[in-house]
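Trainee:
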Amino acid sequence: MHILITGGSGFLGTALIQRLLQDQHSITVTSRQPEQFPLSHPLLTVTTLKKLESIGYADIVINLAGAGIADKRWSEQRKTDLLQSRLQTTQALINWFKQLAVKPQQFLSGSAIGWYGSHDNNVLNETSTAHAGFTHELCQQWEQCALQAQELGISTTLLRTGVVLDHSGGMIARLKPIYQLGFGGKIGSGQQWMSWISRDDWIKAVLFLMQHPIAGPVNLVAPTPVTQAQFAKDFAHALHRPAWLPMPTFMAKLAFGEMSHLFLDSQRIMPERLIEAGFNFQHPDLPKALSQLVQ
């Protein structure tokens, strides 16, 4: 199949592309820095969305483009950038779909569990209602933009992704040096719920959804959410280090500003639609996953 991927140079996109190439798919990726992709990789790069017309056709489109949610503090300008970087790419894809005589079979578009907002101890699935907040507003507008593809007859899946864990980047890469120095610990009360997924399972889930399309939102999280305190304990144990230095709520807010919601909000989310469709997780258990992922 010919697959178009936006955001292909990121933490998730690079790993997904490697797997799709192993499966002998034809890949086109949009990237402003095509030199990031080795010449040995049999893929095409498009440096600007204005050149989408040159692609002609794609069987599946996977939309992962967007500024990193945790890369910078959330000033008002940064929040605008986070939203616009997602909406502009997604709308450009929708406009391209409208021009195509033969449209893609599937559109898998990024989103996040931030759509749900913070919910204390409530167990959530894809039918749960949302609580207000910036992450909900961001994901809601992103999803609504993507759902225009459904009106064009394209099967559209919204990838509501949790905290993705892998040794090569993301949360683990940022926390590992701190924990190795013995400065790890819970953030805030530690009782807030964290919904996670290994990057291997995230890729496996995307491949599964390509074979078994599910329209609408799909939670890409492991079936075993944990409290933040439990994550800190399990992560420290995997590194054979203590988790004795907590970060109080006020310190998290001082250090990260409004972005501290990413660490302090509680999201106890289940991958109900994936499980109902028959998906099997490679890493359903956090301690076992961490023992492999920290190596």
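Here the sequence shown is numbered in my numbering, starting from 12 and rising by one per residue. Note that the Cβ used here is the ideal one computed from N, Cα and C, for glycine as well.
1) Go ahead and pull the three-state DSSP assignment for Leu192.
2) Helix, strand or coil: how does DSSP classify Leu285 here?
3) If you drop the 5 nearest sequence neighbours on each side, which residues of the same chain put their C-beta closer than 8 Å to that of Leu93?
4) Less than 8 Å separating the beta-carbons of Arg252 and Gln191?
5) Grab me the residues of Ala69's own chain with a C-beta within less than 8 Å of its C-beta, minus the 5 sequence neighbours each way, in chain order.
6) Within the same chain, show all residues whose beta-carbon is closer than 7 Å to that of Pro295, passing over the 5 residues directly before and after it, in chain order.
7) When we look at the beta-carbon of Val134 and count the other beta-carbons within 10 Å, is it buried (16 or more) or exposed?
8) Answer with buried or exposed for Thr140, where buried requires no fewer than 16 other C-beta atoms within 10 angstroms of its C-beta.
9) For Ile280, is the classification buried or exposed, using 16 other Cβ atoms within 10 angstroms of its Cβ as the cut-off for buried?
10) Based on Cα-Cα distance, which residue from Gln203, Gly195, Ser179 lies nearest to Ser209?
11) Using 8 Å as the cut-off, can you tell me whether the stretch 107-126 makes contact with the stretch 237-257, which would need three or more C-beta pairs spanning the two stretches below that distance?
12) Let me check understanding here. Comparing Cα to Cα, which of Asp82, Leu119, Glu283, Glu154 lies closest to Ser11?
13) Between the Cα of Leu310 and those of Asn106, Asp34, Pro298, Gly18, spot the shortest distance and give me the residue it belongs to.
14) Evaluate contact between the stretch 116-133 and the stretch 159-177, counting only Cβ atoms and requiring at least three cross-stretch pairs below 8 Å.
Mentor: According to the structure data:
1) Indexing the sequence shown from 1 puts residue 192 at position 181. Leu192: coil per DSSP, three-state reduction.
2) The residue given as residue 285 occupies position 274 in the sequence shown. Correct three-state label for Leu285: helix.
3) For the purposes of this step, residue 93 is taken as residue 82 along the sequence shown, with counting starting at 1. If we look at Leu93 and ignore the five residues flanking it on each side, its Cβ neighbours are Gly77, Ala78, Ile80, Trp85, Leu149.
4) Indexing the sequence shown from 1 puts residue 252 at position 241. Indexing the sequence shown from 1 puts residue 191 at position 180. Contact: yes.
5) Within the sequence shown, residue 69 is the residue found at index 58, counting from 1. Correct list, in chain order: His13, Ile14, Leu15, Thr39, Pro115.
6) Mapped onto the sequence shown, residue 295 falls at position 284. Closer than 7 Å at the Cβ level, and outside the excluded window around Pro295, lie Ala233, Pro234, Thr235.
7) Sequence index remark: in the sequence shown, residue 134 carries index 123 (1-based). Flag for Val134 reads exposed.
8) For the purposes of this step, residue 140 is identified with residue 129 of the sequence shown, where counting begins at 1. It is exposed - the Cβ of Thr140 has fewer than 16 other Cβ atoms within 10 Å.
9) The residue given as residue 280 occupies position 269 in the sequence shown. By the neighbour-count rule (16 or more Cβ atoms within 10 Å), Ile280 is buried.
10) The residue you call residue 209 lines up with position 198 of the sequence shown. The residue with the shortest Cα to Cα distance from Ser209 is Ser179.
11) no
12) Since the first residue shown for the chain is 12 and the last is 306, residue 11 is missing from the structure and cannot be characterised.
13) Only positions 12 to 306 of the chain appear in the structure, and residue 310 is not among them; the question remains open.
14) yes
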